[in-house]
Structure formats: C-alpha cells, structure tokens
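Chains as they are written, first to last, in UniProt numbering: chain F, 1 to 512; chain Y, 1 to 240.
Glycine is no exception: its CB is placed at the ideal position from the N, C-alpha and C atoms.
Predicted model, so just to flag it, every value in this text is computed and none were measured.
Right under this line is the structure:
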C-alpha cells in the first residue's frame, strides 16, 4: 500500500536501459474510489457482482466505439521498439511498465474473448481468461501510466498506450473499481467548478490579494477580474494557479501581459478550472460535461475569445477536443483560434511590440524548458507543426538572458514526462512518481552540471506540482521549478499605469 | 497431389481475401471520436499522406527508436517486397517489363530477407525485454517466414525446381487449364508454408499491415481548432 518506504533511484549521466525485475511495482495500488465518487460520475459505487461479464461487455463496447483501441489491440507485432521508452519502466525496472507490457495486460484478455486465435489457441498467442488477478494488475499498472504518449512516438504503428490505459480505466470504472484521486476530483468539478473545490468567494479573495501584491511591488493597478460580463477574453486556467507556488506566479504573469496588451479579460467562477480529469479515466461523457462549463461561461459572460493558462493535459483537451466536445464556438471572434494558449497570446504581443521587458530581472536564473508531455505530443500552438516547441521557447528567450536546452533526445516530442501526469499526482502513488521522474531529473541534472542551468521552466500545472515534490528526493530544491509566465512576470515592464478599462479612450477603437 | 495443392491455394486465397476485407471493413467502420494524432503532426491531408508514406516505406518511427531493429526489419520487409514482385512472373504471361527488370534484384533480395529475419529472431531470443513480451506465436512467425525464405533461396541458388511447371500450375488457376506441380520436397514445404501464412494472416499480428493505415495517431490531420470533428455516437449527446 501507499506510504511504504522506497529508495530514490540514483541518477546516471545517460539514460540506461535497466534489466528487467518482475513485480517491482506490483504492490502499488492507489486508493480506491468511494461509492459516492463513483456514482457522481455515473459508475457503479462498488465492484459489481457480475464484474466479469460487465468488463468484457465494456471492452466490446469500447472496441466498437474507438478505432484507436480496436486497431491498437490488433496491430502490435511485439517488436520491442517501445520497451525502453517509458519513464516508469526506466525508473522501476518493472516489465509491466514497458508500454507493450502494460498494453498486453489488456491485450491478452482481448485476444481471449475477441479473437479467433485467442479463443482456440490461447497458449500460442498468449491469451488468458479474465480473472481477479488480472483486474488487480489492471488496477495497479494502468494507474502507473501518465498517458504521456512517449511510446506512441516510437511505435511503428503509432500504438498509443494512453488510449489503452484510458480504456482500461473506463472498464475498471464501469465495474465499480475506480481510482479515488481522479474520480473525486471530477466530482468536485461537476459540483463546485474546479479540481481543488475552491468556491467563488475564495477565488475572488485570492484575486484581490494578487492585485494588492502586484500593486505593492510595482505600484501599478493590474486587475485580476472575475466574472466580468462583456470582457473580450475569458481566461481558463488550472485551479492550482489560484493556490500554490509556482503556479500563482504564472497567473500574476498572465494578468500583467493582458494589462500591458490593453485587452479586457476575465476569469470565471463557472470555468475556474482548465484541467479535465475526464480524459484520465477515458470517459468521453465526463470529459464532455467538464468541457461544457467553459462553453456556458463564455456564453454567459459574452466574451469574444478564450485563452487557456499553463496546463499540459488541459491544453490537449482544449486544443484537440474542446471544439468537438463543447463546440461549435461560432459565437466567438473568428479572427482568433479557439481556444488560444497563453503562450501564443504572449508571443503574439511580443512580436507586435506591445510588451517591454527587462531581461536582467531574471539574471539570477539560468533556464531550461521542460516540454510537458501532453503539450508536446498531443497538441500544437501556432500554425505549423512543432509550434508547441518553438512558441514557449521564444517567449522564454524574450524574457531571460540565460537559456539552455536539455539533451535533444529528452526534449520536444521525445520529452520525458514529469512522472506525475495522467491522474498520478496523488501521494499514494509517490513511489511511482519519484521513480518515474528519474529520466527527467537525469537530463535536468546534466544540463545543470554542463551548462550551469539553475531552473526548470514548465507550462503545466501538474509538472509544476510534481517537480516541487520530487526535486528534493533527488537532492535538488523545490523552488527550481518555475512557471514560464512567472519569468514573463519578472521581466515585464509595466508602462501602463492604470488598468486598461480605466484608461481614457479605452474601448473606442478595437484593441487588436 | 497437385489438386490437393490447388485446393489449398484456393482456400488460402479465399480466407486471406475475405478475412482481410472483414478486418479492413471493421477498422473503417469503427469511429474515431477524438482527434488524437501524435504531434508534431501534419496540418494537411497531403502531409498525412507523406507521413504514412514515410512510415510504411521507411519505417520512420522505428528508425527513431532502435537502429538495430530498424535495420533488421527494414531488410526483411524490403527483401520480401522485392521477392514478392519477382514472384509475379509465376502468375502472368507475358511477364511485364518492370517485373523482368526486377528479377536479378529480387533474386538476391532473398538474402536480405533471411538475414533480416535471422537478426529479428536473435534479438527476440537474446534481448531480455523482447523475450519477455514474446508469445510462442511471435517466434513461430519468424520461423515460418525464415523457412519460406530459405526454401525459396534454395530453389533459386542450390537445387533448382522446375519453375516452368510451377508457372503452368499457377497460371492454370486463372485459365482453369490445370497443370502439374513438380513433387519437389523443398517446393512443397515452401508452398505449404506460404498457404499457411495466407490463411493465418487475418487472425494474427500480421494485421499490422492494414492496421498501420488506420492508426489514428498517424493518419489524422492535426486541425481540431479549425474543424469540428464529431462522430455519430457522440452526436447523440448533443441531441439529448
């Protein structure tokens, strides 16, 4: 069970492929969702009596609804290409953490019940009956996948373990064996509006506090508006941004950028969460319900644009799925992409010349950028492929003097996940999180030693939370993780002394 | 005996065609409800065609991943491709010019094919990670293909079989004129395993052949902000 002692792996200079040690992570099982967490989401509260039939039926249902799942179950040739690509395998040595090892937990059952070869020659093709032990294996190992898609980059058929772990989690949920962390959070979003369960007044209080802080420091009245009808931009950001460091420093940065750009913007209590854990559990229905809040907020506030704050998987859902799940967004200004990433917005303003920076404000740091997995491999920014790599780097380079990338095979689409994504950011999975962070920590340590880098900048709330927790395990400091817009916030020169909406002539001409 | 083989190949062809068609129809009919290309992904349909081309012909992702596996599997697949092209001459008369031109390459491609397969087999046995994920059928496929390749090469380079008779036998298929297959053990092993391969293909991991074209992470255009992507079963939520 969680909380057991474990050893932090030693960092090595290169990524070494470890020998297999079977069962090293078998003991890791995260807390099981309580009945009320399950039923809130439309799943049975407890493990159903006929779980076997329900699970097989659900698998069949998903096979017929998701081409990815069907093709990925069939197409694997066991070439081994993915076996050394998962950060959890590299950190734990457990072969069931190799992408294909993880997939096979589901595939061997698929073969048994859905293929000719598995029905009649199970031993030959490695097919097995669904059993209690397999359900346990699913529960352990599919909650040790951060759905980061690194394996899918290297698979000759593009088999994406994220799709398979989503399917497995949906099957588990449908028999009443859900994960507490994800399901409780989705319930909070449905009921209160955000992952942290912050009610409107608490958010308002935080934002007023931020306004005071910024005024004290810079003597400029930067506004952090909430639920302002008629604002041009609705900012949707992870609720972590209202709450903790370094997240909140990023939020301060967004506000300053909007302020200097002279645009009117607002946050919304209804859409006070960019994250959407519906994806982690593979549930289209839940993902859709969570997404619709953003649409409703945009309509109620009458905004023209939607901008997303720094959050990795939230950006995947925003970029790739929002239009599908909650669209069409034809009521918004067609001149801007729906939605837009805050880095796209900021770079746009930088290129227009609206923002002035004093880079020396960040001279106490030497920065490297951590490509967050879901941004890197599951989304885009800008108009061209790879914009998601270039745009954040351009923003960083515009505001800092010292920047160095980590090794080429650990960044861009080959980036290593922080180790805490995909519904793993919970203390009961700390051992997985620490061990899974090993490849990223190695690359970071290398660039620290070789280039004198001091800080790791990220654009994902989970990455930031995860590194804050995990860096100390590897002998580093929790404050070495910073938000990209925290760097922007440090360097930005606030030339506009009053908030745009209070400036004379504001709103007379179109601001962009 | 010849008629047994004739029957075997008729059955094999029917199973292959129907089996494969059924799988392709299944893949095509199964909706892909969300845009999930692995990025950076092409933003146009033409880009997707190029991406798939690089994947199918050059094994781009495998190249990124593991150079040894890439070398062996590329040798095997390209060898097999040339060998198959060369074999077209056993089925048509007159033989098309491109197929004539390819003959010398197709002959030696057999060595590439066998070498690639041998490399893959050695890897499967000696790399602990690959051994761990291998089921008996994974070895069996390599052995079947190796035996097909080696028996074929034997007939080309060591003990020639009566290819004129073989050709008559297979062209007899189309024209229903019949023909006698030489009772040459190497040829019979070769043909038996080819028929086995054809019959098992639609029920095996060889479904990666159509699968690669249907893989949403590879065949989708990265344009979800520009175009709404909605499948039928998801549309129902909007109506309720």
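Asked: Comparing C-alpha positions only, which one of F:136, F:248, F:181 and F:500 sits nearest to residue 310 of chain F?; Found: F:248
Asked: On the DSSP letters alone, give me the boundaries of the alpha helix (DSSP H) that residue 247 of chain F sits inside.; Found: 247-261
Asked: Check the DSSP bridge columns for residue 458 of chain F and list the partner residues they point to.; Found: F:370 and F:483
Asked: Going by CA-CA distance only, name the one from F:56, F:97, F:63 and F:139 that's closest to residue 109 of chain F.; Found: F:56
Asked: Name the chain Y residues that come within less than 8 Å of residue 388 of chain F, Cβ to Cβ?; Found: 39 and 40
Asked: Who pairs with residue 357 of chain F in a beta bridge, going by DSSP?; Found: F:492
Asked: Which bits of chain Y does residue 70 of chain F rub up against, with CB to CB less than 8 Å?; Found: 26, 27 and 30
Asked: For residue 111 of chain F, count neighbouring Cβ atoms within 10 angstroms of its own Cβ and tell me buried if that reaches 16, exposed if not.; Found: buried
Asked: Report yes or no: is there a C-beta of chain Y within less than 8 Å of the C-beta of residue 399 of chain F?; Found: no
Asked: Would you kindly work out how many angstroms separate the C-alpha atoms of residue 511 of chain F and residue 327 of chain F, rounded to a whole number?; Found: Bear in mind that the predicted position of residue 511 of chain F carries a pLDDT of just 46, short of 50, making it unreliable; the figure below should be weighed with that in mind. Near 26 Å, if we compare the C-alpha coordinates of residue 327 of chain F and residue 511 of chain F.
Asked: Please confirm whether residue 145 of chain Y and residue 81 of chain F have their CB atoms less than 8 Å apart.; Found: no
Asked: Relative to the C-alpha of residue 180 of chain F, which residue among F:143, F:210 and F:257 is closest?; Found: F:143
Asked: Checking 8 Å against the spacing of the C-beta atoms, do residue 197 of chain F and residue 188 of chain F come in under that value?; Found: yes
Asked: Please check if any C-beta of chain F sits within less than 8 Å of the C-beta of residue 149 of chain Y.; Found: no
Asked: Where do the ends of the alpha helix (DSSP H) carrying residue 102 of chain Y lie?; Found: 97-126
Asked: Any chance you could list the alpha helix (DSSP H) runs of at least 4 consecutive residues sitting entirely within the region 160-240 of chain F, in chain order?; Found: 161-174, 180-191 and 200-218
Asked: Please report the straight-line C-alpha distance between residue 500 of chain F and residue 283 of chain F, rounded to a whole angstrom.; Found: 41 Å
Asked: Leaving out five residues before and five after residue 199 of chain F in sequence, what residues of the same chain have Cβ atoms less than 7 Å from its Cβ?; Found: 192
Asked: Quick one, which residues of the region 313-340 of chain F are near chain Y if we go by CB-CB under 7 Å, in chain order?; Found: 319, 320, 321, 323, 324, 327, 328, 337 and 338
Asked: What does a CB cutoff of less than 8 Å around residue 13 of chain Y pick up in its chain, not counting 5 residues either side in sequence?; Found: 198
Asked: Determine, for residue 239 of chain Y, whether the minimum Cβ-Cβ distance to residues of chain F falls below 8 Å.; Found: no
Asked: Would you check if there are 3 or more beta carbon pairs closer than 8 Å linking the region 287-306 of chain F to the region 51-67 of chain F?; Found: no
Asked: Please state if the CB of residue 257 of chain F and the CB of residue 346 of chain F are separated by a distance shorter than 8 Å.; Found: yes
Asked: Measure the C-alpha to C-alpha separation of residue 183 of chain F and residue 161 of chain F and round it to an integer number of angstroms.; Found: 21 Å
Asked: Would you mind working out which of F:486, F:149 and F:243 sits nearest residue 280 of chain F, comparing C-alpha positions?; Found: F:149
Asked: Which residue comes first and which comes last in the alpha helix (DSSP H) that contains residue 170 of chain Y?; Found: 163-175
Asked: If the criterion is Cβ atoms closer than 8 Å, does the pair residue 195 of chain F and residue 239 of chain F meet it?; Found: yes
Asked: Can the beta-carbon of residue 104 of chain Y be found closer than 8 Å to that of residue 319 of chain F?; Found: no
Asked: Should the region 28-41 of chain Y be regarded as contacting the region 401-409 of chain F, the criterion being three or more beta carbon pairs within less than 8 Å?; Found: no
Asked: If you draw a straight line from the C-alpha of residue 312 of chain F to the C-alpha of residue 147 of chain F, how long is it?; Found: 12 Å
Asked: Between residue 79 of chain F and the rest of its own chain, which residues show a CB-CB distance below 7 Å, the 5 nearest in sequence each way excluded?; Found: 156
Asked: Quick one: Cα of residue 362 of chain F to Cα of residue 455 of chain F, how far?; Found: 11 Å
Asked: Taking 8 Å as the CB-CB cut-off, is residue 73 of chain Y touching chain F?; Found: yes
Asked: Using a cut-off of 7 Å between C-beta atoms, extract the partners of residue 524 of chain F located in chain Y.; Found: In the structure displayed, chain F extends from 1 to 512; residue 524 of chain F sits before or after that span and is not available.
Asked: Grouping DSSP H, G and I as helix and E and B as strand, with all else coil, what is residue 511 of chain F?; Found: Here residue 511 of chain F scores only 46 on pLDDT, less than 50, and its place in the model is too uncertain to base an answer on.
Asked: What does the Cβ neighbour count give for residue 50 of chain F, buried or exposed, with the cut at 16 atoms within 10 Å?; Found: exposed
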